[in-house]
Each structure stands twice: as structure tokens, then as C-alpha cells.
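Q: If you read the sequences in order, they're chains A and B.
Numbering-wise, this note's numbering puts 75 at position 75 of the first sequence, and it's gapless, one number per residue.
Numbering-wise, this note's numbering puts 1032 at position 32 of the second sequence, and it's gapless, one number per residue.
The beta-carbon is built from N, C-alpha and C at its ideal position, and this holds for glycine as well.
Quick one: this structure, given as C-alpha cells, is what I'll be asking you about.
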Amino acid sequence: MRLQKNTLFALCSVLEAASRPGEVLPAGAIARTYGISPHHLAKVLRTLARAGLVESARGVGGGYRFVGNARRVTLMDVIELFERVGAAPGAGGRRGRRAARGAGENSGSVAVERALAAVLAEIDEIAVATFRSISLATMLKLVARARRA
Amino acid sequence: MNVQVRTVQPGDLAQVVAIDAEATRLAKPEYWEDILRRYGSGRRRGRFFLVAESGGRIEGYIVGEVRDWEFGSPRCGWVFAIGVRPAVRQSGIGSRLLAAIVEGFRSLGVTKVRTLLARDNHLVLSFFRSQGMMAAPFIPLEMDIE
């Protein structure tokens, strides 16, 4: 399972902000901590702000602060702002749609693509269930555990 | 909220059935009577059916047992049912119930606790995740029997 770069930037940013509730974090500091380009990070933070997860504080000492509910917001809530993970059950994604269009032309390849689509959909469903079950608060506990290890 | 976690009593069962029915939208009194017979007596070592009581009212329950070599796994504790009244969720009752059954498992020398959930049961999945549970090294499989 690979997430797009912006999604990973968003997860790092929101977790960093959620780990310091009420504190304003300069965007430059987040960019340096995670090796993210300031340009990319600005776009990511704007999306997070529109979703009500962070808010910007302007002026000297400005930056972003976490304003979401860390016990309610899940990893999936953040990921969905940037990319689509998993296809609807039975849809089979791009492969499935192509297979459906080509039905009748070559039933052998259609069957192969449908079967593959079913396996890929199964993997996606597990990934989605995992992302939906982990709140930011739970993720921060995992971060703390990783620090102690 | 003053909560006491204790072994279930036969008089608690109607409230347990109601809590389960509220969550699953399906009342299963016969199933719960069977669970009470098998897990509620307190006589079978390694079986636990606990309830959380506050002011004479049952606010939640948990059921589980220690199993040897189930699915090829060395001795571990399995939690197969947990429920808390919606009105008192987020007040630590689920955590108290899980801690109590884990303590029961620990007293029997068990060092691992597992559970199995539907993928779309986000509420309970999130609860177990918040308690530190991670994916187990198993993959549940099924098929239709024609």
C-alpha cells in the first residue's frame, strides 16, 4: 500500500499539529522536520484548513494549529481529502470497468481481469478498514510507543 | 460515574440482551442464555462473562475465554463480545471491561489477547485500536457453501 506524497505530508503535518494541541506551529518548522518543500506543504495545509482540521494564525509567530477532534478524526478522514483509496465493492476499479466495456469481445481476458479486480478490491477494503479504525489520538499513542522502542 | 466490573448474574441477562440489541438491531435472547450457561457460571476456568454496573444498572458487558491452539495459535485470550450502552460511551466503561478481562487472562498466565471483528464495524474497531491492539498475523477467510 503506497500513499501519494501529498497524503503522507498531510498525515505528518496533522499528527505533528495534533501532538501539540493549542500550539501554533510555523509551517517552515513542519517542512524542515519532515523534509517537505514549503510550496507543497502550503497546499497541503490549505486543504487541511478547508476541512476544519487546522487553522492558520497570521502575523509574527504565525503558522497552523490543530482544531479537529483527535479522538474522532481518523487516518481515513485525512487520506480522503487527497486521494481515493479503494473501489466500491463489486466495481473493480479501472480494471473492472475496462473489463465490463470489453465484455463479449474476449471473455477469457474479461474473466481474468474480473478475478484480479476482486482480489485487488479485497486488499483495498482491508486498507480502508484499517485507516478508518485508527484515530489521530490512537496514532499519537503509536508514535509515543515508537519513540520508547 | 461509579462503575463496578463483576461477573455476570442471571438477573443481568435481560439488560445485556438489550444492550446488544441496541447495537446490532437484533435481539438474541436464546443466544445470550446459552452464553450465560457456558460462560457465566464462573466455574469453568478461563471463561469470562463480565458486566459493568453503575447504580444498579448494567452499562456494558464483555465475554471471552482462554483457548489453546485455536487456529494454530499458542494459548491466548479471545474477546468475542463487547458492548456498552450508547449513552455512556466515551466514559471509560469499555476500557474498564477490557482491562478486567485482560487481568483475568493474565492471572492464567496468558500474554496475548485477540479479537475478531467485521471490517465495517468502525466503532468497535476504533475502540480496540485505541486500547493498543494491532493487526494479528491471521487472515480470516470464508466461502459460500453451495
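Are LEU41 (chain A) and PHE131 (chain A) closer than 8 Å when you measure CB to CB?
A: In this structure, PHE131 (chain A) does not lie closer than 8 Å to LEU41 (chain A) by Cβ.
Q: Where does the unbroken alpha helix (DSSP H) through ALA1100 (chain B) begin, and where does it stop?
A: Counting along the chain, the alpha helix (DSSP H) containing ALA1100 (chain B) begins and ends at 1093 to 1107.
Q: Can you give the beta carbon distance from ALA1100 (chain B) to VAL1005 (chain B), rounded, assuming they're within the 8 Å contact cut?
A: With 8 Å as the limit, ALA1100 (chain B) and VAL1005 (chain B) qualify as a contact, their Cβ atoms being about 4 Å apart.
Q: Residues of chain A with CB under 9 Å from GLY1132 (chain B), in chain order?
A: The contacting residues are THR138, LYS141, LEU142, ARG145.
Q: In the DSSP assignment, the beta strand (DSSP E) including ILE1082 (chain B) goes from what residue to what residue?
A: Where ILE1082 (chain B) is concerned, the enclosing beta strand (DSSP E) stretches over 1076 to 1084.
Q: One question on the structure: do ARG1119 (chain B) and ALA1052 (chain B) come within less than 8 Å of each other, judged by their Cβ atoms?
A: Contact flag unset, no.
Q: Give the range of the alpha helix (DSSP H) segment to which THR1024 (chain B) is assigned.
A: Segment 1013 to 1024, the alpha helix (DSSP H) holding THR1024 (chain B).
Q: Over what stretch of residues does the alpha helix (DSSP H) that includes GLY108 (chain A) continue unbroken?
A: Counting along the chain, the alpha helix (DSSP H) containing GLY108 (chain A) begins and ends at 107 to 133.
Q: Taking SER135 (chain A) as the query, report the chain B residues whose CB atoms sit under 8 Å from its CB, ordered along the chain.
A: Simply SER1126, ARG1129, SER1130.
Q: Since GLU80 (chain A) meets chain B, which of its residues come closer than 8 Å, beta carbon to beta carbon?
A: Here the premise fails: no neighbours, minimum Cβ distance about 14 Å.
Q: Please decide whether ARG1114 (chain B) counts as near chain A, where near means a Cβ-Cβ distance under 8 Å.
A: Not an interface residue.
Q: Quick one, are the C-beta atoms of LEU3 (chain A) and ILE123 (chain A) less than 8 Å apart?
A: Their beta carbons are not under 8 Å apart, which means LEU3 (chain A) does not touch ILE123 (chain A) by this criterion.
Q: Just to confirm my understanding: we take ARG1114 (chain B), look at its own chain, exclude 5 residues before and 5 after, and list those with CB closer than 6 Å. What are they?
A: If we look at ARG1114 (chain B) and ignore the five residues flanking it on each side, its Cβ neighbours are CYS1076, TRP1078, ALA1136.
Q: Where does GLY135 (chain A) land, buried or exposed, given buried means 16+ other C-beta within 10 angstroms?
A: Before going on, a small fix: residue 135 (chain A) reads as Ser here, not Gly. Buried.
Q: DSSP three-state call for GLU1059 (chain B): helix, strand or coil?
A: In this structure, GLU1059 (chain B) counts as strand in the three-state DSSP scheme.
Q: So what does THR1007 (chain B) bridge to, in DSSP terms?
A: Partner(s): B:LEU1050.
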